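**Q**
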Amino acid sequence: MDTVTVQKYNLDEEQEKKEIVRHYRALLRALKPRLKKGDRELVRTAFEIAADAHKDMRRKSGEPYILHPLAVAQITVEEIGLGVRSAICALLHDTVEDTEVTLEDVEREFGTEIAHIVDGLTKISTVIDSNTSTMQAENFKKILLTLADDPRVILIKLADRLHNMRTLDSMSREKQLKIASETVFIYAPLAHRLGLYNIKSELEDLAMKYTEQDHYREIARRLKETKRERTRYINEFIKPIKEVLQEEGFQFEIYGRPKSIHSIWNKIKTKGVQFEEVYDLFAIRIILDSAVEKEKADCWKVYSIITDFYHPSPERTRDWLSNPKGNGYEALHVTVMGPNGKWVEVQIRSKRMNDYAEKGVAAHWRYKEGNSNVQESKFEQWFSQIREILSSPDTNTLDFLADFKSNLFTEEIYVYTPKGDLKILPVSSTALDFAYSIHSAVGNKCIGAKVNYKLVPLSHKLRSGDQVEIITSNKQKPSEDWLNIVLTAKAKGKIKDALKEEKRKVAMDGKDILHRKLDHMKASASQYNINELVQFYKQPSPLDLYYQVAVKNIDLRELKQFNVLGDKLEPPKPVKPVEVVHPEEHHKSREKESNKKDAELIIFGESSDKIAYKLANCCRPIPGDDVFGFVTASEGLKIHRTNCPNAAQLLAHYGHRVVKTKWVKNREISFLTGLKIVGMDDVGVIHKITNIISGELKINIAGLTIESKEGLFEGLIKVFVHDKDELEELVNRLKGLDGIQSINRLED
Ligand code: MN
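Take our numbering: the last position of the sequence shown gets the number 944, and nothing is skipped along the way.
1) Helix, strand or coil for residue 581 per DSSP?
2) Roughly how many whole angstroms lie between the Cα atoms of residue 309 and residue 275?
3) Does ligand 1 have even one heavy atom less than 6 Å from the beta-carbon of residue 315?
4) Would you call the CB atoms of residue 939 and residue 835 closer than 7 Å?
5) Indicate whether residue 314 and residue 288 have their beta-carbon atoms separated by less than 7 Å.
6) Run the CB neighbour count on residue 751, radius 10 Å, all protein chains shown included, and call it buried at 16 or more, exposed below.
7) Does the distance from the C-beta atom of residue 534 to that of residue 506 stay below 7 Å?
8) Below 7 Å between beta carbons: does that hold for residue 634 and residue 654?
9) Any heavy atom of ligand 1 within a distance shorter than 6 Å of the CB on residue 294?
10) Would the beta-carbon of residue 292 fall within 7 Å of that of residue 318?
11) Excluding the 5 residues flanking residue 694 on each side, which residues of the same chain have their C-beta closer than 8 Å to its C-beta?
12) Around ligand 1, what residues have a beta-carbon under 5 Å from a heavy atom of it, in chain order?
13) Can you round the beta-carbon distance between residue 355 and residue 286 to whole angstroms, since I take them to be within the 8 Å contact cut?
14) Give me the Cα-Cα distance between residue 780 and residue 889, rounded to the nearest whole angstrom.
15) Considering only the alpha carbon of each residue, which of 859, 839, 819 lies closest to residue 916?
16) Taking the straight line between their C-alpha atoms, what separation do you get for residue 722 and residue 749?
17) Please give me, in chain order, every unbroken run of the beta strand (DSSP E) with length at least 3 that falls completely inside the segment 292-321.
18) Whose C-beta lies closer than 7 Å to the C-beta of residue 847 among residues of the same chain, with five residues either side of it excluded?
19) Under a Cβ-count criterion, where at least 16 other Cβ atoms within 10 Å of its own Cβ denotes burial, should residue 399 be classed as buried or exposed?
20) Kindly indicate the opening and closing residues of the alpha helix (DSSP H) around residue 461.
21) Between which residues of its own chain and residue 230 is the CB-CB distance below 7 Å, once the five residues before and five after are set aside?
22) Return the Cβ separation of residue 548 and residue 511 in integer angstroms, given the expectation that the two are a contact with Cβ distance under 8 Å.
23) For residue 486 and residue 528, I'd like the C-alpha separation in whole angstroms.
24) Using three-state DSSP, classify residue 597 as helix, strand or coil.
25) Where does residue 253 land, buried or exposed, given buried means 16+ other C-beta within 10 angstroms?
26) Can you tell me the Cα-Cα spacing of residue 244 and residue 238, whole angstroms?
27) Just list the beta strand (DSSP E) runs in the segment 400-457, keeping only unbroken ones of 3 residues or longer that don't cross its boundaries, in chain order.
28) By alpha-carbon positions, which one of 663, 297, 541, 630 ends up nearest to residue 434?
29) Apply the 10 Å Cβ neighbour rule to residue 649 and answer buried if 16 or more other Cβ atoms are within range, or exposed otherwise.
30) Using CA coordinates, which residue listed in 763, 713, 736, 718 is at the minimum distance from residue 754?
31) Within this structure, are the beta carbons of residue 272 and residue 282 separated by less than 7 Å?
32) Cβ of residue 664 within 7 Å of Cβ of residue 645?
33) Measure the CB-CB distance between residue 739 and residue 730 and report whether it falls below 7 Å.
34) Have a look at residue 326 and residue 850 and give me their C-alpha separation to the nearest angstrom.
35) One question on the structure: do residue 706 and residue 745 come within less than 7 Å of each other, judged by their Cβ atoms?
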């Protein structure tokens, strides 16, 4: 697959020439079935122009640059399935931007069609390294514009990106992270939308290799270890089916495919399961060589044969023969109970359908030229949709990007207002999301809804086709827990605004109470005095102080400890703290202490300068984690884990704000992190856990909650550790306890 391998580069001139010719010949071989009269000469000319133009350039790995366009052309032909003209464009894709060759030269030599595509490719890459987020979004918009113009531009661009990802090893760490994130953020979803499943999953795997090195290596290693076992199972499963298919005279291919590393990791993360529970997931694929008019019937015949041997799960049968997916995918999927009580997915499709599945829009492009009979309306629809969005002049580019992305990633539901107006919301949106989608005033007063005339609570999950009527009350007010009920960013933002406003109102009452109290003590309500109180009660701001007074979380009787000098408050002398500290406070002071000393822990860039920074709350890195520094506008440097849920977006949008970071060993400071433990609820389990943590390993516990349900318990433990090694040791020790099912690090 990978035609250019990265290795220590040490070829002499003669060997180098041979290597280039070898790659050129491989490209010609791949193109051979499609070469028409005169094509061979055109490809040769393109190769010669490119080779000459790049002759003094080298890639980061040390290889001659021309190997890159050659590889991109090879991918374009072999893996995306495009033809001669696209291969020529791929060979030339970097010439106009980086060399003396001009667009006019290309047009003179190859005509307007090719010049047009090369121009598109140049335009995309001239803005690709731009530095602001607006430019990045603008850039993405351009990518889609060209797509609407000629899809080949974007397909060749994907080939270019795929080759760059395959050869990312020689880049600097920052470049790797930036390119990998951009790939996850833009290119993988694009490949998915275009139906290029193989390329999409390879892009995701490659990106993960750089953004989550540890997990990637771990899963790859374990997949390798378990390969034999998997192959044996697949063979056992396939055997009887194969025999009958042969007896029935089918022409077919049958094989098993393991899931990609990235999708296994996704399962582990989102479902909270262990590797052992997902590693043996794979799909069996049966590809039939059937004539177009027979393919649908043949697929169902095969279905019937399979279900003679294995029992199907009716809810998990997917008929994409009658209703192809939005991006054109056609197949019949069935999940059956295989040997040893294991569910196995079988995908049945014809060769033509398989071509679509692997080459997506490109296969369409090809079939369209030869055979206009093939279903093309879906693609046309999609292209024209994009064209429409792009041509509207007032679409804010960033909004557009956000919208487009949410359309790529989440599936949508369509729901109706009582008047029949359509609202589009992401899957899993609730009645409350719907209320906020109408207006924030409706959301803030929402007490429930009627869905299809039935009364439901705020948290009710909506489904496509629902008709929703919101019920409001003037007495209603948003509360903190509403944030857990809603899914859409709009609703979250509006609820937070309302809560802030509410807090401010309540705080005003607290202010009155406090002022009266001060009056009573003959002290003034001066800024100075208020600040003394803010400090005394350990509040972040006067507003918080007032609020806590109003909700009676603060005991004003303690004010007696103050002396009043003139109208100034004098705080009581600090008493030596008693040994027993309230756990909450203990934890807070620990955290403050570690924040204060943070500056000693990390070094930025190549220099040994130590700079103050904060650890991001979204991923709570600890020493040993793979991290990067990010310059924020208001809070200075923040340290995130490279696998932080926000990392891809930050890196893809604001790559220029990323600062290289590494940890410096320091055993004095500990960091707060959390673990989620699931296991059998057995007497004394809590004791055993805490015994290991604080007894044997002497790690401080900051918080521990255990909930048990139907014989299982789920524990959330917050601990202070010095670094990743210590955390890992803790996890391993806990895993050794009887009945522990899973232990996962909490992401936030
Ligand atoms: Mn390139």
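Ideal Cβ positions, reconstructed from N, Cα and C, are used throughout, including at glycine.
As the structure is a prediction and not an experimental result, all values here were calculated from the model.
**A** Here's the rundown:
1) Only weak support exists for where residue 581 lies, its pLDDT of 49 falling under 50; the coordinates are left without a value.
2) Their Cα atoms are separated by approximately 22 Å.
3) no
4) no
5) yes
6) So residue 751 counts as exposed.
7) In this structure, residue 506 lies closer than 7 Å to residue 534 by Cβ.
8) no
9) No.
10) yes
11) 636, 640, 673, 674
12) This criterion selects 290, 356.
13) 6 Å
14) Here residue 780 scores only 42 on pLDDT, less than 50, and its place in the model should not be relied on; the value that follows carries that caveat. Residue 780 and residue 889: Cα-Cα distance of roughly 19 Å.
15) 819
16) 22 Å
17) none
18) 373, 374, 377, 854
19) buried
20) 457-467
21) 279, 280
22) Not a contact, Cβ separation roughly 28 Å.
23) Computed Cα separation, rounded: 14 Å.
24) With a pLDDT of only 48 at residue 597, under the threshold of 50, the placement of this residue in the model should not be trusted, and no figure is reported.
25) exposed
26) 10 Å
27) 448-454
28) When 663, 297, 541, 630 are compared, the shortest CA-CA separation from residue 434 is found for 541.
29) exposed
30) 713
31) yes
32) yes
33) no
34) Model confidence at residue 326 stands at a pLDDT of 44, short of 50, so the residue's coordinates are unreliable and nothing is read from them.
35) yes
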